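A short write-up of the structure that comes next.
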Amino acid sequence: MSTLRVAFAGTPEFAQIALARLHAAGFETVLVLTQPDRPAGRGMKLHASPVKAFALEHALPIAQPRSLRLDGKYPDEAALGRDALIAARPDVLVVAAYGLILPQWVLDTPRLGCLNIHASLLPRWRGAAPIQRAIMAGDAETGMMVMKMEKGLDTGPVALTRKIAIGATMTAGELHDHLMLAGAKAMAEAMAKLEMGDLPLTQQAEVGVLYASKIDKGETRIDFSKPATEVDSHIRGLSPFPGAWFGADLNGKPERIKVLASELGQGQGEPGTVIGADLTIACGDGAVRLLRLQKAGGKPMATTEFLRGTALVAGTRLG
Numbered sequence: 370m371s372t373l374r375v376a377f378a379g380t381p382e383f384a385q386i387a388l389a390r391l392h393a394a395g396f397e398t399v400l401v402l403t404q405p406d407r408p409a410g411r412g413m414k415l416h417a418s419p420v421k422a423f424a425l426e427h428a429l430p431i432a433q434p435r436s437l438r439l440d441g442k443y444p445d446e447a448a449l450g451r452d453a454l455i456a457a458r459p460d461v462l463v464v465a466a467y468g469l470i471l472p473q474w475v476l477d478t479p480r481l482g483c484l485n486i487h488a489s490l491l492p493r494w495r496g497a498a499p500i501q502r503a504i505m506a507g508d509a510e511t512g513m514m515v516m517k518m519e520k521g522l523d524t525g526p527v528a529l530t531r532k533i534a535i536g537a538t539m540t541a542g543e544l545h546d547h548l549m550l551a552g553a554k555a556m557a558e559a560m561a562k563l564e565m566g567d568l569p570l571t572q573q574a575e576v577g578v579l580y581a582s583k584i585d586k587g588e589t590r591i592d593f594s595k596p597a598t599e600v601d602s603h604i605r606g607l608s609p610f611p612g613a614w615f616g617a618d619l620n621g622k623p624e625r626i627k628v629l630a631s632e633l634g635q636g637q638g639e640p641g642t643v644i645g646a647d648l649t650i651a652c653g654d655g656a657v658r659l660l661r662l663q664k665a666g667g668k669p670m671a672t673t674e675f676l677r678g679t680a681l682v683a684g685t686r687l688g
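The sequence shown runs contiguously to residue 688 in this note's numbering.
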């Protein structure tokens with residue numbers, strides 16, 4: 370059993386896998402911070418986050434403040450969160466996709482500071498959407514980094530780096546899963562080194578800084594006038610959520626159709642025109658082949674299944 374007292378802050382499955390790895394490695398979790406339960410599903414009932422579900426299953430103490438900013442919108446909840454964290458007396462706070470801003474008092478509370486797992490090769494893609502932005506930019510590789518948190522946005526010194534190649538047809542969802550496992554493993558390794566007093570930290574480079582801004586709905590529409598390589602990266606980078614889309618007239622009415630998978634195709638033509646029976650679409654330069662699609666309110670379908678009930682024949686213009 371580890372002698373480190375560990376507090377953990379995270380919310381989605383990405384974080385839950387890391388918490389489970391630390392728990393299995395024998396680290397004592399003295400407090401779990403996770404976001405409040407959210408309404409979901411057809412009945413919009415409140416659902417616990419994956420991190421909370423794991424904490425409940427393993428009888429770990431939980432706090433769910435809506436904010437940790439003492440001068441913010443929920444000062445009473447922030448004060449309760451502060452009291453819970455101080456009372457837990459953590460040596461270190463592990464942070465993974467928590468979703469709340471950590472004010473300076475949080476960073477100063479653990480004796481050994483706060484360690485974060487970040488899904489990029491810093492300083493490239495600091496910020497909210499590093500996985501999506503790496504694919505959308507056509508990067509050949511990305512990675513997971515364990516970094517010590519400081520006041521700036523993902524500016525802290527780096528402890529461990531794990532690189533991962535981005536495959537030619539890899540979607541953001543698939544890359545997320547690879548990084549999730551790599552990050553959990555890297556954090557467990559970093560914690561073991563920290564306990565032994567052997568976790569070296571390296572300052573980030575001052576060149577090559579890029580920011581991964583949050584995905585805006587206004588950038589999800591597919592622009593087939595762009596080169597096929599950019600269109601393909603755009604589609605894969607937004608899959609499965611929020612999903613890149615195009616408009617088309619189906620059965621006499623306009624619909625939005627999400628594209629969840631694609632690859633580079635063959636051929637040329639007027640951008641946005643169907644040029645192949647396999648749903649190859651001409652782009653500004655080259656073409657893309659659409660592999661998996663979803664109508665509004667429908668289920669995701671492979672191209673062959675989608676075309677059985679939808680006429681998008683050669684020559685159709687997508688608008």
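Where a beta carbon is used, it is the ideal one built from N, C-alpha and C, also for glycine. Note that this is a predicted model, so its numbers are computed, not measured.
Rounded separation between residue i and residue j - CA only
i, j, result
"Glu426", "Glu543", "27 angstroms"
"His416", "Gln433", "13 angstroms"
"Ala613", "Lys622", "20 angstroms"
"Gly645", "Pro609", "24 angstroms"
"Met413", "Pro405", "14 angstroms"
"Trp382", "Leu469", "The amino acid at residue 382 is misidentified as Trp; the sequence shows Glu. When rounded, the distance between both Cα atoms is 16 angstroms."
"Gly410", "Arg677", "30 angstroms"
"Lys562", "Ala465", "18 angstroms"
"Tyr467", "Leu570", "22 angstroms"
"Ala651", "Lys668", "25 angstroms"
"Gly512", "Asn620", "44 angstroms"
"Thr679", "Arg590", "20 angstroms"
"Arg658", "Thr649", "4 angstroms"
"Val578", "Thr530", "17 angstroms"
"Ser418", "Pro408", "11 angstroms"
"Ile604", "Lys664", "15 angstroms"
"Ala457", "Asp567", "24 angstroms"
"Asp445", "Leu439", "8 angstroms"
"Phe675", "Ala528", "47 angstroms"
"Ala557", "Gly536", "26 angstroms"
"Pro596", "Trp474", "48 angstroms"
"Ser582", "Gln501", "10 angstroms"
"Glu521", "Lys442", "The question names Glu, yet the displayed sequence has Gly at residue 521. If you take the alpha carbons of Gly521 and Lys442, they lie about 22 angstroms apart."
Beta strand (DSSP E) segment containing residue i, residue limits
i, result
"Leu462", "Val461 to Ala465"
"Val375", "Arg374 to Gly379"
"Leu681", "Per DSSP, Leu681 belongs to no beta strand (DSSP E) and is neither H nor E."
"Leu484", "Cys483 to His487"
Selection from the options that minimises the alpha carbon distance to residue i
i, options, result
"Ala453", "His547, Ala378 and Gly641", "Ala378"
"Ala498", "His545, Ile386 and Met516", "His545"
"Asp654", "Arg605, Asp618 and Asp601", "Asp601"
"Thr524", "Met514, Arg531 and Lys532", "Met514"
"Ala447", "Ala465, Leu429 and Pro472", "Pro472"
"Gly616", "Ala394, Gly688 and Asp445", "Gly688"
"Pro492", "Glu575, Gly636 and Asp647", "Glu575"
"Leu391", "Gly641, Thr672, Asp592 and Gly552", "Gly552"
"Ser436", "Leu550, Leu449 and Gln573", "Leu449"
"Met549", "Gln572, Ser594, Asn485 and Asp592", "Asn485"
Sequence-distant residues of its chain with Cβ nearer than 6 angstroms to residue i (five each side left out)
i, result
"Ala534", "Glu510"
"Ala424", "Val401 and Ile431"
"Leu681", "Val643"
"His547", "Ile533"
"Met539", "none"
"Ser489", "Pro499 and Thr511"
Nonlocal neighbours in the same chain, by C-beta distance under 8 angstroms from residue i, ignoring five residues either side
i, result
"Pro459", "Arg374, Val375, Ala376, Val399, Leu400, Thr478, Pro479 and Arg480"
"Val420", "Phe377, Gly379, Thr380, Pro381, Ala384, Gln385, Leu388, Val401 and Thr403"
"Ile455", "Thr478"
"Leu607", "Gln501, Met505, Ala541, Ile584, Thr589 and Ala613"
Element boundaries [alpha helix (DSSP H), containing residue i]
i, result
"Ala447", "Pro444 to Ala457"
"Leu471", "Leu471 -> no alpha helix (DSSP H), and no H or E assigned at all."
"Leu676", "Thr672 to Arg677"
Sequence-distant residues of its chain with Cβ nearer than 7 angstroms to residue i (five each side left out)
i, result
"Phe396", "Ser371, Leu373, Val375 and Met560"
"Gly507", "Thr598 and Ser602"
"Gly496", "Leu522, Asp523, Tyr580, Ala581 and Ser582"
| said: Runs of 3 residues minimum, wholly inside the segment 494-546: which ones carry the beta strand (DSSP E) assignment? | reply: 510-517 and 527-534
| message | Quick check on the DSSP output: what are the complete alpha helix (DSSP H) runs of length 4 or more inside the segment 593-656, in order along the chain? | response | 597-606
| request: Would you list, in sequence order, the uninterrupted alpha helix (DSSP H) runs of no fewer than 4 residues that lie entirely inside the segment 389-435? | output: 419-426
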